[in-house]
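Reminder that position 299 of the sequence shown reads as 299 in the working numbering, one-by-one numbering, no gaps. Glycine is no exception: its CB is placed at the ideal position from the N, C-alpha and C atoms.
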Amino acid sequence: MAKQHLVWDDFRLVKTIAEAGGLAGAAERLGVNHSTVFRRLGQMEESLGVKLFERHRTGYVLTTAGEEMTALAEHMEENVATFTRKLAGQAVAPTGELRVTTNDTLLVHMLTPVFMKFLDACPEMRLDVVLANQALNLSKRDADVAIRATDNPPETLVGRRVATIAWAIYGRASDFPAESRSMDIPGLYQRPWVALGDNLATLKAARFVRDQVPHEKIVYKVNTVLGLAEAVEAGLGIGPLPCFIADAKPSLVRLSDINPDFSAGLWLLTHPDLRQSARVRAFMDFMATEISRQKKWLEGSGVRTS
Numbered sequence: 001m002a003k004q005h006l007v008w009d010d011f012r013l014v015k016t017i018a019e020a021g022g023l024a025g026a027a028e029r030l031g032v033n034h035s036t037v038f039r040r041l042g043q044m045e046e047s048l049g050v051k052l053f054e055r056h057r058t059g060y061v062l063t064t065a066g067e068e069m070t071a072l073a074e075h076m077e078e079n080v081a082t083f084t085r086k087l088a089g090q091a092v093a094p095t096g097e098l099r100v101t102t103n104d105t106l107l108v109h110m111l112t113p114v115f116m117k118f119l120d121a122c123p124e125m126r127l128d129v130v131l132a133n134q135a136l137n138l139s140k141r142d143a144d145v146a147i148r149a150t151d152n153p154p155e156t157l158v159g160r161r162v163a164t165i166a167w168a169i170y171g172r173a174s175d176f177p178a179e180s181r182s183m184d185i186p187g188l189y190q191r192p193w194v195a196l197g198d199n200l201a202t203l204k205a206a207r208f209v210r211d212q213v214p215h216e217k218i219v220y221k222v223n224t225v226l227g228l229a230e231a232v233e234a235g236l237g238i239g240p241l242p243c244f245i246a247d248a249k250p251s252l253v254r255l256s257d258i259n260p261d262f263s264a265g266l267w268l269l270t271h272p273d274l275r276q277s278a279r280v281r282a283f284m285d286f287m288a289t290e291i292s293r294q295k296k297w298l299e300g301s302g303v304r305t306s
């Protein structure tokens, strides 16, 4: 059989088979029949004169040639993603869709009305909001802009710190009569506590509870800040919360001063290739202005403005 030139679809096919571990999974991902994948792989291997996979009972395993082809496919994908980002960065007007990633806490307690204001101001824009506590890969356009509470934004991204989110320790008001609210922190360690789950263990407030509160006093753990606020409000225990959430709940009361050791920066982040995009620039400028108007509220020393 005459040798044929390889095309992008050949590289994508090998990469997909490797990721799926076999032909059936690859066929499903590519939206084609199993027999089509089998035939195309056989034709490719015959044309190249080498095996790209070792066939095992447990699945398909890449050969050395297959590994090199898969690595090239990944490199090609990255080049395509870079080209797409650069095209997006050349947009001249704030139109089209923008994918924004943030977490559920910020969305529910702050961002939704701000997003609404942005869409009113830029009616040609559309927002696709992706909720995730982990960092998405902005290099691969998983998102265009990230709104994150962090003190260590990824070095691969660019952006601005627009506010500081203050935290304090809170409890249910009905459990703490006014005369008992001046209790010192060591005295609070004898009460039941609620804490953030292991997925948020790097947050400074989470480390504080883990390091300072006796293990047997941590009666409840939950893997979202929203769930933590609900647990404190339900009376399961006391715990650290962002002031902008807890101060809005009449049923909660501060049991400590604002602890600067708990605070986190609120960042607007994007990929360097996108920072000159009209829609990214318009969105980040708008969000920075609106969030800056709420700085006192986020820092625990004021109320939310309309």
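**Study point:** N- and C-terminal bounds of the beta strand (DSSP E) containing K221
**Key:** Counted from its first residue, the sequence shown places residue 221 at position 221. Note, K221: beta strand (DSSP E), 218–222.
Exercise for review: Tell me whether L52 sits in a helix, a strand or coil according to DSSP, three-state version.
Suggested key: The count along the sequence shown starts at 1 and reaches residue 52 at position 52. For L52, the three-state secondary structure derived from DSSP is coil.
Check your understanding: Which of helix, strand or coil does DSSP assign to D273?
Key -> Mapped onto the sequence shown, residue 273 falls at position 273. In the three-state DSSP reduction, D273 falls in the helix class (H, G or I).
Review point. What residues in its chain sit with their C-beta under 7 Å from that of L228, if we drop five residues either side in the sequence?
Key: Along the sequence shown, one-based indexing puts residue 228 at 228. Close CB contacts of L228 within its chain, under the 7 Å cut and outside five residues either way in sequence, are with V194, L196, V222, G239, L241 (chain order).
Practice item. Flag this pair as yes or no: are the beta carbons of L236 and V213 separated by less than 8 Å? Key: Residue numbering aside, residue 236 sits at position 236 when the sequence shown is read from its first letter. Residue numbering aside, residue 213 sits at position 213 when the sequence shown is read from its first letter. Not a contact, by the Cβ cut-off of 8 Å.
**Study point:** Selected residue, minimal CA-CA separation from D247, among R279, R172, A26
**Key:** By 1-based counting over the sequence shown, the position of residue 247 is 247. Comparing Cα positions, the closest option is R172.
Review point. From G187 to L107, what distance separates their C-alpha atoms?
Key: Here residue 187 refers to the residue found at position 187 of the sequence shown. Here residue 107 refers to the residue found at position 107 of the sequence shown. Computed Cα separation, rounded: 34 Å.
Point to revise | A65 in three-state terms, based on DSSP | key: Residue mapping note: residue 65 aligns to position 65 of the sequence shown, counting from 1. Note: A65 maps to helix in three-state DSSP.
Review point. Can you round the beta-carbon distance between T101 and V130 to whole angstroms, since I take them to be within the 8 Å contact cut?
Key: Position 101 of the sequence shown, counting from 1, holds the residue named residue 101. Position 130 of the sequence shown, counting from 1, holds the residue named residue 130. About 4 Å; that satisfies the 8 Å criterion.
Review point. Which residues share a DSSP beta bridge with M168?
Key: Taking the sequence shown and counting its residues from 1, one reaches residue 168 at position 168. It is worth fixing the name first, because residue 168 is Ala in this sequence and not Met. Secondary-structure assignment with DSSP links A168 through a beta bridge to L241.
Practice item. Decide if the stretch 199–211 is in contact with the stretch 54–73; the criterion is three or more beta carbon pairs, one per stretch, under 8 Å apart. Key: Between the stretch 199–211 and the stretch 54–73 there are fewer than three inter-stretch CB-CB distances shorter than 8 Å, so the stretches are not counted as touching.
**Study point:** Own chain, CB closer than 8 Å to A168, minus 5 neighbours either side, in chain order
**Key:** Along the sequence shown, one-based indexing puts residue 168 at 168. Excluding sequence neighbours, A168 sits near P240, L241, C243, A246, R254, L255, S256, D257, I258, N259, F262, G300.
Check your understanding: Per DSSP, which one or two residues make a beta bridge with V253?
Key -> Taking the first residue of the sequence shown as 1, we reach residue 253 at position 253. Answer is G171.
Practice item. Give every residue of the same chain whose Cβ lies closer than 7 Å to the Cβ of E97, excluding the five residues on either side of it in the sequence, and list them in chain order. Key: For the purposes of this step, residue 97 is taken as residue 97 along the sequence shown, with counting starting at 1. Excluding positions up to five away in sequence, the list reads R126, D128.
Point to revise | Between the CA atoms of P154 and T164 - distance to the nearest angstrom | key: Your numbering for residue 164 matches position 164 in the sequence shown. Your numbering for residue 154 matches position 154 in the sequence shown. Spanning the alpha carbons of T164 and P154 requires a straight line of approximately 18 Å.
Exercise for review: Closer than 8 Å by C-beta to K51: which residues in its own chain qualify, once you throw out the five before and the five after it? Chain order, please.
Suggested key: As a working note, residue 51 is residue 51 in the sequence shown. The residues are E45, T63, A65, G66.
Point to revise | Start-to-end residues for the beta strand (DSSP E) that takes in L127 | key: Translated into the one-based positions of the sequence shown, residue 127 becomes position 127. That run of the beta strand (DSSP E) goes 125–131.
Practice item. Note down the Cα distance separating A234 from F176, rounded to an integer number of angstroms. Key: To locate residue 234, count along the sequence shown from 1; it is residue 234. To locate residue 176, count along the sequence shown from 1; it is residue 176. If you take the alpha carbons of A234 and F176, they lie about 14 Å apart.
Check your understanding: With DSSP run on the structure shown, which of helix, strand or coil describes I258?
Key -> Reading the sequence shown from its first residue, position 258 is the one you call residue 258. Note: I258 maps to coil in three-state DSSP.
Exercise for review: Please state whether DSSP places T150 in a helix, a strand or coil.
Suggested key: By 1-based counting over the sequence shown, the position of residue 150 is 150. Secondary structure at T150: coil, using DSSP grouped into helix, strand and coil.
Practice item. Per DSSP, which residues does E19 bridge with? Please list them. Key: Walking along the sequence shown from the start, residue 19 turns up at place 19. In the DSSP output, where bridge partners are listed per residue, E19 has none listed.
Point to revise | Backbone secondary structure at A2 - three-state DSSP | key: Sequence index remark: in the sequence shown, residue 2 carries index 2 (1-based). Note on A2: pLDDT 47, under 50, position unreliable in the model; no value is reported.
Check your understanding: What first and last residue would you give for the alpha helix (DSSP H) that runs through V114?
Key -> Locating residue 114 in the sequence shown gives position 114, where the first residue counts as 1. Residues 112–121.
Practice item. Put L41 into one of helix, strand or coil per three-state DSSP. Key: Working through the sequence shown from its first residue, we reach residue 41 at position 41. Helix at L41.
Practice item. Please check the pair R161 and G265, which I expect to be a contact at CB under 8 Å, by giving their CB distance rounded to whole angstroms. Key: Position 161 of the sequence shown, counted from the start, is the residue given in the question as residue 161. Position 265 of the sequence shown, counted from the start, is the residue given in the question as residue 265. Right, the Cβ-Cβ distance comes to about 5 Å (below 8 Å), so this counts as a contact.
Practice item. Look up R57 in the DSSP assignment and say whether it is helix, strand or coil. Key: Position 57 of the sequence shown holds residue 57. If DSSP states are grouped into helix, strand and coil, R57 belongs with coil.
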